[in-house]
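Visitor:
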Amino acid sequence: MKQFLLCGMLLVLLLLLAGCTSIASMPIRTLENVSLPASSDTSIVTEDVPAALYFRYWDEPYLACEWRFISRTRSQSYEQALLEELLSGPSARSTELTGLFPVGSRILSAVRQGRTLFVTFSSEIMNSYPDEPIDWQEYEYWLTEAPLRRRLCMQSIVATITENCDVDQVQILVEQTGSVTGSLRLRQNYFLDDSEDDILVGPMQRDDNVLLNCEQAMHHFFALTLSQDWEKLYRCIPDNDALTAVEKPSYSDFVAQMKDLPTLTSYSLSVPTMSLDGQEAIIQVNGSATLPSLRRVALPSRIFRMTRQDGLWKVSLSQLREWMEVE
Numbered sequence: 008m009k010q011f012l013l014c015g016m017l018l019v020l021l022l023l024l025a026g027c028t029s030i031a032s033m034p035i036r037t038l039e040n041v042s043l044p045a046s047s048d049t050s051i052v053t054e055d056v057p058a059a060l061y062f063r064y065w066d067e068p069y070l071a072c073e074w075r076f077i078s079r080t081r082s083q084s085y086e087q088a089l090l091e092e093l094l095s096g097p098s099a100r101s102t103e104l105t106g107l108f109p110v111g112s113r114i115l116s117a118v119r120q121g122r123t124l125f126v127t128f129s130s131e132i133m134n135s136y137p138d139e140p141i142d143w144q145e146y147e148y149w150l151t152e153a154p155l156r157r158r159l160c161m162q163s164i165v166a167t168i169t170e171n172c173d174v175d176q177v178q179i180l181v182e183q184t185g186s187v188t189g190s191l192r193l194r195q196n197y198f199l200d201d202s203e204d205d206i207l208v209g210p211m212q213r214d215d216n217v218l219l220n221c222e223q224a225m226h227h228f229f230a231l232t233l234s235q236d237w238e239k240l241y242r243c244i245p246d247n248d249a250l251t252a253v254e255k256p257s258y259s260d261f262v263a264q265m266k267d268l269p270t271l272t273s274y275s276l277s278v279p280t281m282s283l284d285g286q287e288a289i290i291q292v293n294g295s296a297t298l299p300s301l302r303r304v305a306l307p308s309r310i311f312r313m314t315r316q317d318g319l320w321k322v323s324l325s326q327l328r329e330w331m332e333v334e
């Protein structure tokens, strides 16, 4: 009997030892071989958003729109992303547009309060442009050009912000350096209008008179025709005539064609009607011209069709010629 009990105890002991060996042989999962999920930094995640940005149209007193997608991080406000993109200048394809900000200008903050956006610039916004002479007041061209640049620069900010964001006006603030104290608001002397340093500029609103929208583009086109400024008018002609599928003529051929036409002496425009996609518009034009015999004639009332090319409104040469080719 004792021998039987001894055999039973030995059997149990062997089973326990076998179980311990099996458990000990199992792999132990430690923190060293566990893959933890990487921490997500939302500040580096970017998204592309559409935007309408306003830049100067050639050397004209107008701003024109360029539509493009801009990238911003999740931690960056849409307003600040817009303004930083504006400072970077027009894209390479927009050869008719130029930037308006002095070298080194930076956006320090863009904060919305109610329906006003407060934008703080670095002090470089007050710098002169590289091509401006120190004695710019001594030149007739710069007496107009220097203040105009600054007015268009501020309006490019206001137009861009009000076009894309639900705000009505923009307050410009400027970083103060050195021992200067007081308000950060932009001062009126920025516009080179001989104002005193202590006159502060309040919130600025959109000025549609400097925006080359459909109606303004048409006025610009016919004003250049009226003044016979062929070089600038040539810029307004599209590369390809959508109505006749004819390519844009050389500049010399264009000038020759214009000189063969009667001389435009007056014009008037109706309010343009836009297409649903915003890429075409029609506008009714009336006017008068002087024939080579110096006889003045009324031009027929005509519907002009405008098209957008890379965001800019264009008028085909064929329409202008047909309208002005009178007997």
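Heads up: the sequence shown is residues 8 to 334, going by our numbering.
Built from N, CA and C at the ideal position, the CB exists for glycine as well.
1. Only counting the same chain, and skipping five residues up and downstream in sequence, which positions put a Cβ closer than 7 Å to that of Met8?
2. Identify whether Tyr148 lies in helix, strand or coil by the three-state DSSP scheme.
3. Rounded C-beta distance between Arg213 and Thr169? I'm assuming under 8 Å.
4. With DSSP as the reference, please indicate the residues paired to Arg309 in a beta bridge.
5. For Val253, which of Ser308, Val126, Leu324 and Ser295 has the nearest alpha-carbon?
6. Kindly indicate if chain B contains any beta-carbon less than 7 Å away from that of Glu86.
7. Out of Ala249, Asp173 and Leu89, state which residue places its alpha-carbon closest to the alpha-carbon of Ser78.
8. With DSSP run on the structure shown, which of helix, strand or coil describes Asn196?
9. By Cβ distance below 7 Å, which residues in the same chain neighbour Tyr136 in space, the five residues on each side in sequence not counted?
10. Roughly how many whole angstroms lie between the Cα atoms of Val278 and Gln183?
11. For Trp143, which of helix, strand or coil comes out of DSSP?
12. Using CA atoms only, rank isn't needed, just tell me which of Thr80, Ile289, Arg81 and Thr272 is closest to Arg375.
13. Quick one: which unbroken alpha helix (DSSP H) runs of 4-plus residues sit fully inside the stretch 238-308? Chain order, please.
14. Following the continuous beta strand (DSSP E) through Ser78, name the residue where it begins and the one where it ends.
15. State yes or no: is the C-beta of Cys160 within less than 7 Å of the C-beta of Leu218?
16. Could you tell me the distance, in whole angstroms, from the CA atom of Tyr274 to the CA atom of Thr314?
17. Which residues does DSSP pair with Tyr64 in a beta bridge?
18. Specify the secondary structure class of Ala117 as computed by DSSP and reduced to three states.
19. Near Ser42, what residues of its chain come up, given a Cβ to Cβ distance below 8 Å and the 5 sequence neighbours on each side ignored?
20. Would you say the beta carbon of Leu150 comes nearer than 6 Å to a heavy atom of the ligand MG?
21. Would you check if the distance between the CB atom of Leu94 and the CB atom of Glu73 is smaller than 7 Å?
22. Where Gln176 and Arg122 are concerned, what is the direct C-alpha to C-alpha distance, given to the nearest angstrom?
23. What's the C-alpha gap between Met331 and Ala305?
24. How long is the line joining the alpha carbons of Thr105 and Arg302, rounded to whole angstroms?
25. Give me the Cα-Cα distance between Leu327 and Glu54, rounded to the nearest whole angstrom.
26. At the level of alpha carbons, what is the spacing between Glu91 and Gln178?
27. From Leu271 to Trp320, what does the alpha carbon distance come to, in whole angstroms?
Guide: Taking the definition as stated:
1. Below a pLDDT of 50, predicted positions are generally treated as unreliable, and Met8, at 47, falls in that range; the measurement from the model is reported next regardless. Result list for Met8: empty, nothing under 7 Å.
2. In this structure, Tyr148 counts as helix in the three-state DSSP scheme.
3. 5 Å between Cβ atoms; contact.
4. Arg309 pairs with Val292.
5. Taking only the C-alpha atoms, the option nearest Val253 is Leu324.
6. Absence of chain B from the displayed structure is noted, only one protein chain being present.
7. Ranking Ala249, Asp173 and Leu89 by Cα distance to Ser78 puts Leu89 first.
8. Helix.
9. Taken in chain order, the residues that qualify are Pro109 and Arg156.
10. Rounded to whole angstroms, Val278 and Gln183 show a C-alpha spacing of 46 Å.
11. Three-state result, Trp143: helix.
12. What is shown of the chain runs 8 to 334, which leaves residue 375 out entirely.
13. You should have 258-266.
14. Per DSSP, Ser78 is one residue of the beta strand (DSSP E) stretching across Leu70 to Thr80.
15. Going by C-beta atoms, Cys160 is not nearer than 7 Å to Leu218.
16. Answer to the nearest angstrom: the Cα atoms are 20 Å apart.
17. Partner(s): Leu104.
18. Strand.
19. Unreliable positioning characterises Ser42 in this predicted model, as indicated by a pLDDT of 42, which lies under 50. A coordinate reading is not provided.
20. Absence of the ligand MG from the depicted structure is noted, as is the absence of any ligand whatsoever, leaving it without description.
21. Glu73 sits away from Leu94, with the two beta carbons spaced by 7 Å or more.
22. C-alpha separation (whole angstroms): 7 Å.
23. For Met331 and Ala305, the distance between alpha carbons rounds to 10 Å.
24. When rounded, the distance between both Cα atoms is 42 Å.
25. Rounded to the nearest angstrom, the two C-alpha atoms are 44 Å apart.
26. Within the model, the alpha-carbon separation for Glu91 versus Gln178 is close to 16 Å.
27. Roughly 21 Å separates the two Cα atoms.
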